[in-house]
Structure formats: C-alpha cells, structure tokens
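Chains A, B, C and D, in that order, are what the protein sequence lines are.
Add 560 to a position in the first sequence, counting from 1, and you land on the number used in the working numbering.
Add 560 to a position in the second sequence, counting from 1, and you land on the number used in the working numbering.
Add 560 to a position in the third sequence, counting from 1, and you land on the number used in the working numbering.
Add 560 to a position in the fourth sequence, counting from 1, and you land on the number used in the working numbering.
Take a look at the structure below.
Number of protein chains: 4
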Amino acid sequence: MTTVKPKSVVQEYRDVRYYSEKLVQTLEVEDFVVQAAAHVSPTKWHLAHTTWFFEKFILEVYVPDYKYFNEEFLFLFNSYYETVGEFHPQQKRGLITRPTVRETMAYREHVDQEMKELLSEKEGDATITSLVEIGLQHEQQHQELILMDIKYNFSFNPLYPSLKEKVDPLLKEAPPLSFEEYEEGVVEVGHDGGGFAFDNEGPRHKTYLHSYKLANRPVTNGEFIQFIESGGYEEAAYWLSDGWSKVKEEQWKHPEYWQEKDGQWFYFTLSGLKEIDLDAPVVHVSFYEADAYARWAGKRLPTEQEWEHAMENLLLDGHFMEDESFQPHAGYTGQSMEKAYGDVWEWTQSPYVPYPGNKPLEGALGEYNAKFMANQIVLKGGSCVTPRSHIRSTYRNFFHPHMRWQFSGFRLAEDV
Amino acid sequence: MTTVKPKSVVQEYRDVRYYSEKLVQTLEVEDFVVQAAAHVSPTKWHLAHTTWFFEKFILEVYVPDYKYFNEEFLFLFNSYYETVGEFHPQQKRGLITRPTVRETMAYREHVDQEMKELLSEKEGDATITSLVEIGLQHEQQHQELILMDIKYNFSFNPLYPSLKEKVDPLLKEAPPLSFEEYEEGVVEVGHDGGGFAFDNEGPRHKTYLHSYKLANRPVTNGEFIQFIESGGYEEAAYWLSDGWSKVKEEQWKHPEYWQEKDGQWFYFTLSGLKEIDLDAPVVHVSFYEADAYARWAGKRLPTEQEWEHAMENLLLDGHFMEDESFQPHAGYTGQSMEKAYGDVWEWTQSPYVPYPGNKPLEGALGEYNAKFMANQIVLKGGSCVTPRSHIRSTYRNFFHPHMRWQFSGFRLAEDV
Amino acid sequence: MTTVKPKSVVQEYRDVRYYSEKLVQTLEVEDFVVQAAAHVSPTKWHLAHTTWFFEKFILEVYVPDYKYFNEEFLFLFNSYYETVGEFHPQQKRGLITRPTVRETMAYREHVDQEMKELLSEKEGDATITSLVEIGLQHEQQHQELILMDIKYNFSFNPLYPSLKEKVDPLLKEAPPLSFEEYEEGVVEVGHDGGGFAFDNEGPRHKTYLHSYKLANRPVTNGEFIQFIESGGYEEAAYWLSDGWSKVKEEQWKHPEYWQEKDGQWFYFTLSGLKEIDLDAPVVHVSFYEADAYARWAGKRLPTEQEWEHAMENLLLDGHFMEDESFQPHAGYTGQSMEKAYGDVWEWTQSPYVPYPGNKPLEGALGEYNAKFMANQIVLKGGSCVTPRSHIRSTYRNFFHPHMRWQFSGFRLAEDV
Amino acid sequence: MTTVKPKSVVQEYRDVRYYSEKLVQTLEVEDFVVQAAAHVSPTKWHLAHTTWFFEKFILEVYVPDYKYFNEEFLFLFNSYYETVGEFHPQQKRGLITRPTVRETMAYREHVDQEMKELLSEKEGDATITSLVEIGLQHEQQHQELILMDIKYNFSFNPLYPSLKEKVDPLLKEAPPLSFEEYEEGVVEVGHDGGGFAFDNEGPRHKTYLHSYKLANRPVTNGEFIQFIESGGYEEAAYWLSDGWSKVKEEQWKHPEYWQEKDGQWFYFTLSGLKEIDLDAPVVHVSFYEADAYARWAGKRLPTEQEWEHAMENLLLDGHFMEDESFQPHAGYTGQSMEKAYGDVWEWTQSPYVPYPGNKPLEGALGEYNAKFMANQIVLKGGSCVTPRSHIRSTYRNFFHPHMRWQFSGFRLAEDV
C-alpha cells in the first residue's frame, strides 16, 4: 500500500533526510531564521529538531558513550516532550540566531553519520528499526510543516518572495458536484497493525454508520467565492458560535492568504502572489469556515468514520509534496471519487478523541499524539505538501478548529 | 418518569416562575447587580432575561398589539440570539444598574399577567404549549445558572457571604469504589420524541458500544485530595496539552473555590466557607482535571453513550435544587449505582457534536443548542442546583473543557 | 482666602461629611455598587473609604482601645497606602456587594460618632486638627470623584440615567477670544505655608518666566467642534506620538461622553443626554486632545507656573459643586479673565514633578501625593464638581495625559 | 568642542557611514534579521533605514530623475515619519527576510555612490550640508541603537553569543562618593546655535536654579547591589507608584541583563556573560530604579538644568563607542567630576518638554523630536555606545521611564 516498504531502513533514512534539505535549497540564509507567529517555527529549527529526535530517542540510548554535537541543543531543540526535560519556549524560536544555518547543517551531518554507523552495526534490530520509522514519519510531518511555515512567514513580506516557480498541470475544469451513497450498518475502521501507523490510528474497531452520501470532489475556489459573495462571512446563522466570534475578532472575510484587488481574487502561494484558480480545491480554510460553507450549502461535513470507510480501498495516488508545486490544483482524473488523497487535507466533523480501546505508546513518545486529544478536529487524506509515502487511509491529522495555515480544504456530505 | 406531566401548563408556568424568585429571597438588593466575570451574569439579568424569552418568543407573536413593558429591554435582555436583533454585550451586564430590582420584578409581573391571559385564552393550543415548555425549561436552566453565578460572584468577597444556611443530610461514608460491567454490541441512545426534550437530544439512534465498566459512584473529595497531595497538579504526564497550559496559566492547584489553611482544606459554598466533606463527590472541576485524575488513577472517563446506556433505566431521584442545600453531599443510598442523577454533573469524554440525522429547530430557537457544537464536552445527570423536573437520561449538558464554575464532577470508567 | 476658616473643626467635619451623603440622595441602591472600569470606584466604596481614612489615621491612633465597626474593612477600604497594610485590589471593588449600602451608612455613623467624641475631648489639639483637615480635604476630593464616577458608570447604560435635573444659568454667548500679556522675570509660585495646603504645593519658590500671553477664557465646545470638523482627529501632525497611538487604539473621534446623531452633537451629562451647549467650555478632553487643539490653533498650553502667576490674585469664585448643575456652563461674567476657577480643570503643559526643596509628609500620608510624580500632568483651577472651599491658586491636580473622565478642559497660551 | 568640525562633509559622510558597517563586521548573517521585542529593530533594518533617510530627504529632492534602488524600500524602511507616507509596522520588522543582508549592503553602496556624486556637484551648498549633518547625526544615533539592539536580541539566546571580546582598561577602584556644591541664581542653559544641534536643544534661555549638590561620579554596581540586598526591590516606599506597578508586573529584582548564580552576580554584555565589575557604573536601569535608589539613599536625581549647568565646561572626553569595549568600566581619571560624558547616559528627574520659545523644524523633520515630548525623561552625557563626536553638553536624550535596554545609569544630587 505504501511505496516505502521495499527500501531498506538505511535507504529510507537517507531519502527522507535528504528531502528535508532539498525542500529548502532555494532559501536565503535570512529566511531560515524567522518565526511570524507562535504556532509556526523557523526552518532552521525544523531542521535541527528533526535531528534532535534521532539523537534523543535513538543515539543517546543505543550508542555507548555517545558524543553530543552540542549538549545545549537538547534544550534548544526539544519541542514539547515534557518527560525528557525542559525546553526552550516555542514562541521564542525566532529569536535564536545561533547556531547558524551552517552549524545546523553540520549538526545534521553529525547525526546522520552516527545513525549510519548505528544502523549498519545493528542491522535488523527490530526496536531500532521501529524507532527509526517513527523518526522518519516525524521528519515527514516536519517537511509538511516546513512548507506551511515558510509560506506563513513569507506572507508577511510585502515583496511576496517565492520559494519555487509554479509548475501547473494541464488545467481542467472541476467535474460537476455529485454524491455517492453508502449504506447503513456496522463497519470497521482504524489501523489493523500491519505496517507502520501512529498510536492514535488503532485499534481497528467496529462502529455503526448510518446511511450517508459523500461528494465526488472537494469544494472548489469558485464555489467558495459564491459563498463569500452571497454574504457568507456576514451572516451569523451559518456559523458555530465560537467560529462567529473568530470571524468578528479576526475580521475574517475570506480564506487565509487571499486578497482582492480591483474585483479580482488573488492568493499568496509558495510561488508568490497568483490569480486564484477557480477549479482548484479551496485551501487554508478553518474548520469553522468549512462548517459554515456546508450549512450555507444545505449539507454537512462527513465524520472521520464515514470518510475512512468510503476511501479506504481507493488508490493512494494524488497530488503530493514530491510533485513540488505546493499548491492544490485542478488536475482532475475523471474517476468517480476525485482527490481523496493529496491536494488538501479534508476537515471532518469529528473531534479528535481516542478510539475505543486505544493505548498510547509508553514513555515520552506517548506524548506524540494522545495529549492533543482535546479541542481539535480530525482531517483526512493528506495534501500537496504531504510526502506521498506518509499517507494512509487510517491517518488522523488534527488541528484546532480555527487554524488555517495548514493546507486544509473540505468535501461535503449529507444524510440519506 | 417526570413529575411535571400531570400539571397543567398554567400550573407549570406558575410553579417554575415562582421558584426563580424563591431562590433569591435572601439576597440583598446590591447582590442582584454584580458580574464577576464575562461568563457569569447578574441575578437581576437572569430574572429579566427569562422573562424576555416569553415576551419575545410568545407574547410578541401571539398577543395582538402587545404592549411592551419597556421596549429597550428587547436589546438589554436578549442573551445571544443573533437572528432576533442586536444585543447588549454580555461582559457589560454588571454595569447596568437600571432597571432596578424592583422594576425588574414589575417586569416579571407584567409578563406573567399577560401570559396568564394568553394561556387561558388559548388553552390547549399545541404550538403555544410547546413554546411555553421550552420557555420553562429555559428558565430552569437559568435557575441553575442563578445559583452558579451567585456562588461565583460571592466568592470574590473576603467576607464570604452566605445565601442559605447549610442543611446537611445524615452524613455517611462513601461506599468503596467498584465497577459494573456492560456488554459489547449495538445499542440505542438519544430521545425518542415522547415528552419534552431539547433538539440536541434526538433522534434516538443506533450506536456501537465496546464492553466497558462504570464506577458505582462519583469520585469523592477525599479521593481527589489524594490526587492533589501525590503531586497531580505538578506532573505534565497526566494532563492533556491544552489542560496543562491552563494549569500553568491559571496556576491551578485544586478545584475552584477550594483553599488550604494550616493544612486543612476548605471550600466556599452557598452557605459560606466550610470544611471539606471527604465523602461528598468532588465538584467544580474542569474536564481537564477530571481527565487528569482518571489518567492518574489508571482509568478513563466514560463516553456519553456509555453513561446514558448504563443509567437510562435508573430512577430519576437524587439530590436536586429543591432540596436547597446547594452543595453535593454524602447522602448515599446503598444502591449498586449511586448518584447517577443529582449532586454533580458528570463529565464524559465525549465532545458535544450533533447526533446522526439530528435537525435543529427552525428559526431563532435553532440557535439554542446547535451553534455551540464545537469545543465543548457533554456532561450528564444533573446536579444539586438542577431542578428535579428538568433532568432526563438523554439530557446533554455541555461546557468548554476549562470551565469550573458549574457544579461538575465525574465518575470513572474503564475498558474490559 | 477660603470660606472654611471661620468654622470650627467640628462644624467643618459635619458639613463636609454631610455633603458626601447629600450628593448621592437620588441614587438607587443598585447604583452604589458598580464599577465600570478599573480607574473608577463604586459610590459605596467612596463613602466607606473616606470613612476608613478617619478611622485609620485618627481614631485608631488617638482613641484608646478603639473598637472597629468591622475589622475586615481595614483591608476592604484601604485604597493604596502600601505602608499601612494590604489592600483589596482596586479593579475588583465593583464585585463586593457586602457590606450593603445600609451597612456602609451605619459605618459612617459609627465613625462620625467616635470622631465627634474625640474632637470634643481633644478640642484645640493641633495635630488632630491638622489630620482632620487632611481627612476633610481628602473627602472633598472623593466628592469630586463620586460625581466623576457616577457619570462614568451611568454612561454605559443605554437608558441614560440622570442623577439630577439640569439647572441652567441664563445662557450667554462666550466672549470673543483675546489674550492677556505677562512680563518676563523671576517670580514666586507655590504655597507659603499659611492655611491648609497639600504637601505637593510647597515650598513657595523662585522661578524664571519668559514673557507670555494667556487666553481670557477656556476653549468652548463650539471651537472644539471646529477642530473636529476640520479633521483634527485624523491628522497625525497635530498630535504627540503617544497621543496619536491613543487616538488610533481607542478610536477617539471626539471628547468622552459625546455622540453625534443625524449631524447634531450630544453629550451625556449627570442630567442625562443633552444637546451640546456651544458656548460652554469643552470638558472631558485628555491632555493629548488639549495639546493637539493648541497645535492646530497655532498656540500652546500654559505652564503651571504661568497659570498660577496670572491667576493668583483673582477672586476664588466660579461655578463649583455646590451649584449642583454638575456640567460646565456658559455663565460668563464679563471680567477680563473668565472662569479661572470652577467649571473645568485646566490642563497645563507641565508634568507633575516635585517643587525645588519639596519635602513630602512623613509616614503613610507621604504616599498621598509624592509617589504619583511620574507620567502625570498638572491641572489647575477646579471644576463644576469641585467643592468651592477645596480650591486654591496653588492647588496642583494631576492626571495621566490620556485620562478623560475628570472634568478637564483647557485655556490657550502663546509666546510673546 | 567636537572633533568632527575640521573634516569636510564628504569625509564626515564617509567616516560615519563606514563606522556603521564596522560595528557589525563580526555578526553572522542570521544575526542581522531578528527582533526580540517591538521596541528594538533588526540590524539589517538599521542599516537600511539610515540609508533611506539620505535617499528620502536628500537624493529624492536634489537629484533630478533620481533612480531608486528599489521603490518598495520607501515603505519598508520609513520608521515613523507620518508626513512622508505609510510605513511598515515597527513590530513586524523582524519578519522581513528579504531584502537579504547582501542586498541591503548593495542598497547602502548605491546610495553612498549617489551621495558622493551629489556632494561633489553641490559642494558648499548650505542646505544640503545641513541636511547631511542631520542624516549623519541620525546615523550615529542608530549606531548606538544597533549596539543596544544586538545586545537585547542576543540576550535571549541561552548560548550567550559575543559580538566582540572585552578589552578592559586597567581596573581601578571607584573614588569615594562626594558632592560638589553649586550656587543659587539665574543661569542660562540650552544650545546657542553655534555648530550642529537638534531642534530640541534650543533656544538658549534663562532659568532659575536653587542651590544644589551633585555627586562626583555615577552610582556603581557595588553600591546598587547594596540597594538590592537591603530589599530595595521589595519595599514600596522607595518607589514611584507607576514604578512599583512595573516592579510587580515585570517581577524586576535587579537591572536588565543581570542574573545571580550561586550567590554571585553576572551580567550579559556584548562580550558574553561576565562577572559584574563592582566599581563600574551601574547600567541598564530604568528611571524608576534610579529614582528608587536615590530615595533609598536619602538623595534625589538632578534636574537636566542642574546637570547641564554643572557639566557644560568640562572636557568632552570619556569612554565612548570608538573604544569598542561596549560596557561601562572602572576607568576613573582622578578628576573632581568623573565620567560626566561617556560610560552611561545619566537619568535626570526632568520630564522631556519643550524649552521656552522652542520651535521645531518645519516639515517631516519636525517629527524628529517634538512629537515625543510626553511621558519621557531626559538623560544626559552619552554612553560607552555613543559615538564620541555625537555628544554635547546640551544634548537631550529621552526614554520612557520604564525602559532599560539603553545604556542608562545615574548620578545622585541633593538640596543644600
């Protein structure tokens, strides 16, 4: 089901680590340093933190007399693992100019060298292999974050910097909206333990679904503009109460990164400021906006169980990070269910809670997922900045409902 | 199942309206005015707002040429119904000294007189009866809020005012903690449409429950002190991430209203400052604290479906508002499942979301429940400040997970 | 120079204490409780705090075995005297419903009775007389604050309550603006020690004045409207930098309490909402607004030394609290210098700093004035809510430059 | 009186511009970008803004068809001149990674080349010479800010970066504290118009001084530690009310950049973390701390007139930026009045207000000083990060009283 499998763990390690550096090749040194809000991080920090993860959870444990590149980095590059010691406050990451980018790259090299030696020495060690796999999945998550955060940081610059020129697919019109129906009954969802999965994806378990319908594709920019222009952001009746407070407080009038100039809509992308593609899926909307749109359209968002049940047997292809266009596009395929994977993370209506019988990992890695199970909403399917080998039908991404800097869109559902 | 049924709607109206005024008989005029935080309201406001509800949704619609007591009250006493006009900002309710208490009582009398006439004229009108029922259920909710808010407002006064002298039951020891087991399978939950229910309680629908166990009684003050004294508030590992932020931000070290003096625990009650009763259920804890306790104890909180399935056939008796002691107590009965109803609202682990197939009411009353379905958690069973006739097994109360001024406690569950 | 002198201290005490209660006769009980912002206080608190002042600084010291009315009041009604113990936080005064108004009045009576006895026993005791004088001057300051704060608290009520019906003088046109010239040289300012003065008013000392001119009357509402309508609040060039920040942050577009309805200007007064009197002095402007107006008019504000030197020999008559109209009016007298005393406190350009050689009082009463000598600006002359016997040419009132709820206006000056 | 005079304006321009770049030679690229608080700026911004000043106020006006290096920089690098157009918000300067450091240096080169051509073409033009002089004085102020801001930004890094190794003078003991007396009378202060001065320094004018005494040297670290250790930061009686609020709000316990480790005091300097030199002047104290110390010591701060009158005939030598040690030191000279100029800016007790008869510059440059004349306090004498040629006895520096990141200390005074 994933393309990573046939590779050796050494190859996997090399490939994922390499990709993090490939993503930032076109940045200037200055770009690595800044942090435009508490919830984003400097690129430099991401490169160091993913490295720290291997140092802290593998090298420190399995290499006798392991020599740290710099012991102070244990404090500087821990993100939030309370059980492994103090950490530098998240909102101040953008103030730390040293280590420099060059030193950070040397830190990566140091750890990569040590990892290479360890992996050759302990070839086949199941515990280490499993920890490396977590470390690489973790680094893939940060690859997505690197792109999200560069976009966010760049967006504050009136010069509209570009990370990479846009490579568009042959543009196509979005197919007409239609709905596929699914039958009522007891079904199974969740990960069954074969292959890698995070601890929040299992166990596989029974759940009861009522009959439902799911849209054949995500909502497009063109459709979302209709919502805007019919007054969607001014009418309280479409909004959840907390969402409406946010609309007024933040003066939301459109998705993040959008602007209107002389009656024309533009968005800031990782290729600079561009005219909006009406047929591409809408992206950078919060859960509140997705939910308000659905209410306006007389529909609703699907539950995560409905989504997973409908999509679990579809091919895991789509528009992912490796395509390097970093923006959802109108590349439709003509299949009955379009863009289930890739392009945009799809908001569900499901709060992020533990599955029945779920057991978090023991120790510090138990902090990875479980402690975030409050006030967040599940998203499914991956996006155009998600590594292709990172996604699964059981994957549960999650964000607070007001967040918009992730590449999030949505697909409509309805009762039968 | 409820005692309200045999009464006529006129009697019901009279009794519920009377009780709101009975609750505040011992207050001084000054006590009616203040508002110690944005989320609480002055007693005066509650008395006026519940009255406005009848005026706005019934009298204005069904009485030809209805004469308002004062047209400005439409603005002053609307709480949050966006669809029926502008409203005075919630956080400034405590600044409004006029209308006075006396004038507010005259407003109540005016509306009660008009309602009495309308009800006698339109006896048996199903629409009006149903609206009156909503209005009375609404007023009962505000009776609970009146007591919650008086307690909160009083708690800022170093003189520890008392609303009412405490009347204790014969104190008993809490029975030892034990767990009842429930079997796996498809069950039904939710309201079936017989008798009154809010729009968020239906429809009755199938859901799949995995085997689970539920504690025979809520967690007690004595048990919670063990959590505190073993360092529960200092150990991040027990806490959800958002909860841990709250603990540090608000410097939580114990439930709301508690204080320690010379090694002895006290709490502020509506009868003043009292020594803590170790055998009574713990109350005024947030969802985060309930969840942290459960993790510390190696258990978990029940889902709302588990709770409802276990309790739905139990008798609706318990310790309610009409007992007028306004504090959970150690009045155990010896039954196998203690205090399912009354004493403390019990936190579940279930975020407050719509039931499958749920349809909110049309019009402004659709704002009553549906728009709050984000970031809140369901509580079940009613408390010592809930009117007895207000509670049902399907009742879904909800609060943000950090809130503590409601009378909330919890009961443990575990997987089989 | 003052009318208080010939009275005995007992008479003075009785008269001043009586007036505080006279001012609030028309209030409802509810009105005594609220506090609409941290910088204002409930009426109830003022009545209690001025009483506490006599209890703390006189009765506690000079009455053997003095019996407190209620010992907890020492904490509740201390305003800010750090050296005499802890105090209840200022911004929470509006949450304290007990003691009630009735109990507060009983507290006043208790202290008045004790004071009466002490004063008859210690007749002629110079230390006590001097402390009583400070206590009465203090209470007079709070009489002004009571009126300022009632106005502020009432202004949040959309029903526009009135304290007292307006009694207008025969309205007159403001005389044309003209300027009086004063010569350069060494002059003396400050209090010379004869009669009562606060410790910040002395010593009398030499200072060097350059030639200057002073306007014959304060700026009027009509003139200020010209400033508004010519875009004064939109043009940064007129404003001090900190003032301009305030304008944008608070969205100031006119003085406090003003509003425009259909092209007509109104202000909220202690007699309710009224049409603005164009010939009356403008009031409720901050220092920043006064300074911006002066810059717009090509003038400047006077220094406190210029003001005092020009006014010190004028009669201390004018429009004061005892006239009970509580709003500056167009009662011009035809003298060459109008409204030097009364109507509006006049902003000077002088920051509030100690006079050369100034010595604050010893002990807690040294906190009365000296510790506020940073970031505040001196105002002169008293207002329509200042007791007549309270004002002197050397009196130095002071407020932070952004404050507007005091009855502050201004008079222009210019260099020769 | 200044060393700049004999140089041609071309030489002056070259020398000052060169020094800005010399100061930052040892920085890494990453260090140029960050901004740790709204009141500091990135080094890159300072280098660009000082360049913008010449472009905006000279090249744009005097070079026909002037070609901008980049027209967007007019918006990005305007600091606060409201009258010359919109500007990028100050608190977001640290988010702008482009232009890069390299591009910023190219911008400087472009402007320097254009300025060189203009100055050779217009040699001797008085208006241009005078504008260049303002531009260079402005750049010197930013040289000081560059060092203040690097220190502030670095201080957030737990690795304690160093800008430059410390070069200490031969350490000496501070001379014993003594006081020089000055006589009462009318004196003159302020700039008389000969040589360059800012518009806030004039006109020279008469003022009346009462007899006073001034300390022979600034207060030292050793003396300030006595204040700390005797409880100075815990005793409200020493503090101005606004200062005491700040102490509690910010939890001040010592000057900025200090820390205690195992009973030993250290401070962060531009050479990294160092043991405190007890004999050096204390630095990085706010006005509130200086004033509290003085009160604790039974003295007071001097007025700016007292300071200027005492120091105006002293030699302008001392410890300045060009010494490149960037920290006040114990280099005493044995003169009767030590360290009047250099080492630390000295807080006076004088609020920053216009001199009698003062006229700000016309046009945008009038915003340079006048609009800051509220809520700030005058400091005199320059510091170890002030360019030597920048200081004068009449120079009036000013900061808000709670600010501490400037190199500010103080000297005691007392009445006779």
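Beta carbons: idealized from backbone N, C-alpha and C, even for Gly.
- Query: Is the Cβ-Cβ distance between D:Val671 and D:Phe614 less than 8 Å?
  - Reply: yes
- Query: Excluding sequence positions up to five away, which residues of its chain have a Cβ less than 7 Å from the Cβ of A:His869?
  - Reply: Tyr742, Val747, Val749, Leu769
- Go ahead and pull the three-state DSSP assignment for A:Asn929. Coil.
- Task: Taking A:Tyr681 as the reference, give the member of A:Val584, A:Val570, A:Tyr640, A:Ala757 with the closest Cα.
- Result: Residue identity check: residue 681 of chain A is Glu in the sequence provided, not Tyr. Taking only the C-alpha atoms, the option nearest A:Glu681 is A:Val570.
- Item | Cβ neighbour criterion (16 or more within 10 Å) applied to C:Asn638 | Result: buried.
- For chain A, is any of its Cβ atoms less than 8 Å away from the one on D:Arg964? no
- Task: Give the residues of chain C in contact with D:Asn935, contact being defined as C-beta atoms less than 8 Å apart.
- Result: In chain order, Asp802, Asn935, Pro961 make up the part of chain C whose C-beta sits under 8 Å from the C-beta of D:Asn935.
- Query: Name the chain B residues whose beta carbon is nearer than 7 Å to that of C:Val589?
  - Reply: Val589, Glu590
- On a CA-only basis, which of A:Gly969, A:Pro920, A:Ala734 is nearest B:Ala797? Give me that one, please. Comparing Cα-Cα distances from B:Ala797 to each of A:Gly969, A:Pro920, A:Ala734, the minimum goes to A:Pro920.
- Item | Nearest residue (CA-CA) to D:Lys726, options D:Leu587, D:Val644, D:Leu830 | D:Leu830
- So which residues on chain D does C:His648 lean against when the C-beta distance must stay under 8 Å? Those do not exist, as C:His648 stays about 16 Å from chain D at its closest Cβ, beyond 8 Å.
- Task: Please list the partners that C:Glu868 has in chain B, where partner means a Cβ-to-Cβ separation under 8 Å.
- Result: Those do not exist, as C:Glu868 stays about 39 Å from chain B at its closest Cβ, beyond 8 Å.
- Item | DSSP-derived helix/strand/coil call for B:Arg956 | coil
- Task: Give the range of the beta strand (DSSP E) segment to which C:Leu774 is assigned.
- Result: 772 to 775 is the span of the beta strand (DSSP E), which, as asked, contains C:Leu774.
- Looking at the C-beta of D:Tyr573, does it have a partner C-beta in chain C at a distance below 8 Å? no
- B:Val842: which of B:Ser790, B:Leu705, B:Gln811, B:Arg777 sits nearest, CA to CA? Per the C-alpha coordinates, the member of B:Ser790, B:Leu705, B:Gln811, B:Arg777 positioned closest to B:Val842 is B:Arg777.
- Query: Leaving out five residues before and five after B:Gly762 in sequence, what residues of the same chain have Cβ atoms less than 6 Å from its Cβ?
  - Reply: Gly750, His751
- At a cut of 8 Å, does the region 593 to 609 of chain B reach the region 578 to 596 of chain C through at least three beta carbon pairs? yes
- Task: Kindly indicate if chain C contains any beta-carbon less than 8 Å away from that of D:His889.
- Result: no
- Message: Quick test of your reading: C:Pro911 and C:Ile937, contact by CB under 8 Å. State the CB separation rounded to the nearest angstrom.
- Response: 6 Å
- Taking Cβ-Cβ distances shorter than 8 Å, what residues in chain B pair up with A:Lys931? Trp799, Leu800, Ser801, Trp804
- Curious, which full-length alpha helix (DSSP H) runs of at least 4 residues does the region 682 to 728 of chain A contain? 686 to 714
- Query: With a CB to CB cut of under 7 Å and the five nearest residues on each side skipped, what residues in its chain are close to B:Val564?
  - Reply: Confidence is the limiting factor: at B:Val564 the pLDDT is only 42, short of 50, which leaves the residue's position unreliable and the question unanswerable from this model.
- Beta-carbon contacts of A:Gly917 that lie in its chain and below 6 Å, excluding the five residues immediately before and after: Pro763
- Message: Suppose contacts are defined by Cβ-Cβ distances below 8 Å. Is D:Thr611 in contact with D:Tyr667 by that definition?
- Response: yes
- Could you give the distance in angstroms between the alpha-carbon of A:Pro624 and the alpha-carbon of B:Ala598? 57 Å
- Locate the alpha helix (DSSP H) running through D:Tyr573, then write down its first and last residues. 569 to 583
- Query: So, is the C-beta of A:His698 closer than 8 Å to a C-beta in chain B?
  - Reply: no
- D:Ile937 - partner residues in DSSP beta bridges: D:Pro911, D:Phe959
- Can you tell me where the alpha helix (DSSP H) with D:Gln811 in it begins and where it stops? Neither: D:Gln811 is in no alpha helix (DSSP H) and is coded neither H nor E.
- Message: Let me check one thing: in DSSP terms, what residues is A:Ala870 bridge-paired to?
- Response: Per DSSP, none; premise fails for A:Ala870.
- Task: Just confirm the distance between the C-beta atoms of D:Val845 and D:Arg964, as a whole number of angstroms; I'd bet it's less than 8 Å.
- Result: Between D:Arg964 and D:Val845 the Cβ distance is about 6 Å, and since that is below 8 Å, they are a contact.
- Please confirm if C:Glu783 has its CB atom under 8 Å from at least one CB of chain D. no
- For B:Gly902, decide whether its Cβ has a neighbour in chain A, counting only Cβ atoms nearer than 8 Å. no
- Task: State the DSSP-derived secondary structure class of D:His889, mapped to helix, strand or coil.
- Result: coil
- Close Cβ partners of A:Ile688 (< 8 Å) along its chain, the five nearest in sequence each way excluded: Ile618, Tyr622, Leu678, Leu679, Lys682
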